[in-house]
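Every number in the working numbering is 18 more than the matching position in the sequence shown, counting from 1.
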Amino acid sequence: MFPFRWPVCCFLLAFHKPACGWVGYDVLEVTCSQGLSECTVASEMPLAIPESDAADVQTVTAKVELCCKDDTPCTLCLLIDAQLAIRVTEDTDERLHSRHGNEEEDEATISTAFVTLCYKTPPTIPACKRVDFTINPTGLKQKIAKVSLVITNPAGVSFGSIVYVYPSECLHPFVEVEAPSLNQVCSQNLRKPVNECQVPTVDSVINRKMNQVELKFAARNKLCIQYEADGSCQLWKTKTIPLHSVTPCLCLQVWDDDKPRRSQSCPFKNMGFLEKNIWQNLTASVGHGRMNDKGQMLLWNVTAPCRLEGEVWPCRWTSGRNCIEIEGFRQQLENTTWEQKRNLQWVKRGVFEDINVQLLPCVMVHLTRGGLHLGPFCSHHSVRWRWNLLAVAGLLVMTLAALMLCLLHGFIKKWASRSFPGGHVKIARKGHIVLLSPPDVHNAISEVCSLGSLLRSRGFSVSVDQWSRMEQCKLGPLPWLHSQLLHIKNLGGRAVLVLTRKALGLAREWNQQHQEAIQVGRGNGNAPQSPYSDIFMASLCLILGDKQQGRSGERFLLVTFEHDVGQPPGGLPELFQGLRLFQLPSQMKTFLCELAGGRKGKAKGGRTKAAWKWATFDGWKLKTKEATCSQGTMPVQCKYSDI
């Protein structure tokens, strides 16, 4: 029998029991049963293999185990056991009888044989090993022998792969064996290291002061985030995550490109204070539809960062601002039936069949975790009828007003010529205003839209990013923003950026990363990813560009609806230094005056002064001592005093 060369220990993963006696690393070992001697093994080409001499393979068994040697990492081994039927010829029988008569007969005269065993893992080509041995008939039991082969680091075999083992002369007997998976191996409490199980880690620290989670991992490693442990993983390039985007189901994966295995951790699972980030980012929508039998149905879907459990039911909105449940339609929210969208959000869809949509039903959502009731969520059709009569009445009033203006046009013209004999009446054209929402737009969307409606009623040309979603989808967020700034250049006006506390935090983070990128010579660096708005980040780039060119405050103004935004001790970030900040609604008059006076204009002199006693703006009578305007290579800038 072939002697063992090194002390080793193999771990049989299938049964979690150690089995000792195998050898390791780049050495082919063979063990022969009694009756066979001088066993050797060598590689053999899988093609044109000669027929075996005096040995037939009856059965083949195989398995893949983890083999470990002292002071070296563990590796995979392929173990093959073949039972052979030895064909003893008449000449061999005569020598056997002669041997009984003469014990000193040279055993070298006894015949030799070999057997070839092959293995392959699709789609690689087969690899074969030839075992040569000498037959000792006196040691054979019923002409049956056994050959055991150990192949360390078999070609093409990796963790979790399928291996086919068979004799070379035919495909029968044939055995299929599966190698243990990497996760199965790494989950065992092994006393020896496995190189593939060594994975990087990531640490997370919650910074409540900065409202963010700071991630600590090696620079050479890569990181992705996923909502739910089995959700899609999105590559994350920064080392901070906004705190309002962190939920208990958020998990982190980190890996090294040189190793196939990733480490996964869900460090926020038991942090109850993050539950609010789930329902604050939960949305629901309702729609109407018809069934095949022309019956009516109510469609609904709920979108949230995490899969949730609870109930959904329709309710009828009453004039008392209550939503009364429509009995018999409750449906369960189960965390096993959600689907994940590309933006990592989870969505659950459902339908209420045979429901009377004339009742203008809405949807209520109850969450088991936390016992929250959210809603009602109503279809736009449910509220449209409330405005139908008002819209018709408004249309009639506008039509009558237009007719009256046409009839009175001549009279007004004559009256104006008598009232202003020195010339025609000139109506100042107001500029174009672009309203840009903060990244956490769901908290301030009503204020932004109300401000846009107010400015439009005052005669400004207004574009609100929340009103232009279809145009942004066609052009893209950045081209849309540049097209609006082109309107400002042609018509005059300003871009107004609405700030919140969260927006200030993102702006500070963006400016800090920009400064760090400049210090290491990477240009402007990468802006932090925002889960809400690309336009907000683009506006920061444009504001920075204006500041670097000495044009700070010419195109952008800042407004806020929160009383403590921009107040000490934090103050405004360095990026916003030089931009005027208006607190609304307390500074609404000053803000409107700035928009009306801050349009681009043309002046002939380099510096002019005009003394005004009274000026009328949108129905407000404002007293002004003087307006000082300067023009050079820069656009006209006016500063008003004593308003």
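Built from N, CA and C at the ideal position, the CB exists for glycine as well.
Just so we're clear, the structure is a prediction, and the values are computed from it rather than from any experiment.
- Message: What would DSSP say about F609, mapped onto helix, strand or coil?
- Response: helix
- Message: Could you check if C85 belongs to the surroundings of the ligand ADP, using beta carbon to heavy atom distance under 7 angstroms?
- Response: As far as ligands go, the structure on display features none, and thus does not contain the ligand ADP.
- Leaving aside the five residues before and after D74 along the sequence, list all residues of the same chain whose C-beta is less than 6 angstroms from its C-beta, in chain order. A103
- Following the continuous alpha helix (DSSP H) through G523, name the residue where it begins and the one where it ends. 519-537
- Item | Secondary structure of V264, DSSP reduced to three states | coil
- Query: Exposed or buried, V415, counting other C-beta atoms within 10 Å across all chains shown (16 or more means buried)?
  - Reply: exposed
- Task: Would you check if there are 3 or more beta carbon pairs closer than 8 angstroms linking the region 374-382 to the region 259-267?
- Result: no
- Between which two residues does the beta strand (DSSP E) carrying I451 extend? 450-454
- Message: Suppose contacts are defined by Cβ-Cβ distances below 8 angstroms. Is M289 in contact with W331 by that definition?
- Response: no
- Task: Would you mind giving the Cβ-Cβ distance between G449 and L509, rounded to the nearest angstrom? I have them listed as a contact below 8 angstroms.
- Result: 5 angstroms
- Message: Closest to A525 by C-alpha separation, out of E194, D552, L351, would be which residue?
- Response: D552
- Message: Assuming the contact rule is C-beta atoms closer than 8 angstroms, V203 and V212 should be a hit. Round their C-beta distance to whole Å, please.
- Response: 6 angstroms
- Classification of S468 by the beta-carbon crowding that lies within 10 angstroms, buried from 16 upward: exposed
- Is L96 buried or exposed, if buried means 16 or more other CB atoms sit within 10 Å of its CB? buried
- Task: State the Cα-Cα distance for the pair C559 and V452, rounded to the nearest angstrom.
- Result: 16 angstroms
- Message: Could you check whether the region 354-372 touches the region 271-278, counting it as contact only if at least three pairs of C-beta atoms, one from each stretch, sit closer than 8 angstroms?
- Response: no
- For T130, which option in A145, V304, R105, L454 has the closest C-alpha, if you only look at C-alpha atoms? R105
- Go to A18, then tell me how far its alpha helix (DSSP H) extends in each direction, as first and last residue. As shown, the chain starts at 19 and ends at 661. That puts residue 18 outside it, with no answer to give.
- Message: Within a Cβ cutoff of 7 angstroms, which residues of the same chain sit near Q350, ignoring the five residues on either side of it in sequence?
- Response: E329
- Query: How big is the Cα-Cα spacing for C324 and L385?
  - Reply: 12 angstroms
- Range of the contiguous beta strand (DSSP E) that encloses S61: 54-62
- Message: Measuring straight from C-alpha to C-alpha, what distance separates G388 and S283?
- Response: 24 angstroms
- Task: Give the single residue among A173, K159, V149 whose Cα lies nearest to the Cα of I143.
- Result: A173
- 6 angstroms Cβ shell around T321 - same chain, five flanking residues per side excluded: T301, Q363, V365
- Following the continuous beta strand (DSSP E) through H505, name the residue where it begins and the one where it ends. Looking at the DSSP string, H505 is not in any beta strand (DSSP E); the run it does join, the alpha helix (DSSP H), is 495-509.
- Message: Tell me the DSSP secondary structure of C269 in three-state form.
- Response: strand
- Cβ atoms of S281 and P191: under 8 angstroms apart, would you say? no
- Task: State the Cα-Cα distance for the pair Q244 and R238, rounded to the nearest angstrom.
- Result: 20 angstroms
- Is P266 near E232, with beta carbons less than 8 angstroms apart? no
- Rounded separation between A513 and I506 - CA only: 8 angstroms
- Message: Given this structure, state the Cα-to-Cα distance separating V82 from C188, to the nearest angstrom.
- Response: 22 angstroms
- Query: Cβ of S61 within 8 angstroms of Cβ of K147?
  - Reply: yes
- Item | Beta-carbon proximity check, Q52 vs Q76, cutoff 8 angstroms | no
- Task: Taking E287 as the reference, give the member of N319, E246, K312 with the closest Cα.
- Result: Per the sequence shown, the amino acid found at residue 287 is Lys instead of Glu. Per the Cα distances, E246.
- Task: Note the first and the last residue of the continuous beta strand (DSSP E) segment covering L84.
- Result: 73-87
- If I'm right that V149 touches V168 with Cβ under 8 angstroms, what's the distance once you round it to whole angstroms? Not confirmed; about 12 angstroms, so no contact.
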